[in-house]
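Taking the working numbering, I'd label the letters of the sequence shown as residues 7 to 100.
Beta carbons: idealized from backbone N, C-alpha and C, even for Gly.
For clarity, every value in this text was computed on a predicted model and none was experimentally measured.
Have a look at the structure below, then the notes.
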Amino acid sequence: MAVEIITRDDLNEFRSLLLTDLKELFDSKAQKQKQWLKSGEVRKYLNISPGTLQNFRINGTLSYTKIGGIIYYAYNEIEKLLEENKVNSLPDTY
């Protein structure tokens, strides 16, 4: 059985490679976000009822595309809606 000695340089190189691999993994997962979501996915993502989603369509809050009876929503439009309605917390004045 051969004995190998691991130096600090070896550990630092391993750490760097591991961090690089983890960054690539997280970046690829972020890029895999679907561009179009179905109604059920949007309701689950926003935690809203079917009626609320229908109201968003009717009053123009959320744009959509309908193909063959299936309604699709653009993911970037949902993100934009969330950003536009974001409420910043007030700093404590105590």
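Residues of its chain near residue i, where Cβ-Cβ distance is below 7 Å and the 5 sequence neighbours each way are ignored
| i | result |
| --- | --- |
| Lys40 | Tyr81 |
Between the CA atoms of residue j and residue i - distance to the nearest angstrom
| i | j | result |
| --- | --- | --- |
| Asn91 | Asn18 | 45 Å |
| Lys86 | Pro56 | 20 Å |
| Asn61 | Ile84 | 14 Å |
| Leu146 | Leu96 | The shown model of the chain, from 7 to 100, leaves out residue 146, and the question about it has no answer. |
| Thr67 | Asn94 | 20 Å |
| Asn53 | Leu25 | 34 Å |
| Leu88 | Arg63 | 15 Å |
Cβ shell of residue i (< 8 Å), same chain only, five flanking positions each side left out
| i | result |
| --- | --- |
| Tyr78 | Trp42, Leu43, Lys44, Tyr70, Thr71, Lys72 |
Element boundaries [beta strand (DSSP E), containing residue i]
| i | result |
| --- | --- |
| Lys86 | That residue, Lys86, is in no beta strand (DSSP E); its alpha helix (DSSP H) goes 81 to 90. |
Beta-carbon contacts of residue i that lie in its chain and below 6 Å, excluding the five residues immediately before and after
| i | result |
| --- | --- |
| Asp27 | none |
Next on the checklist: List, from N- to C-terminal side, the alpha helix (DSSP H) runs of 4 residues or more that fit wholly inside the segment 27 to 53.
Outcome noted: 45 to 52
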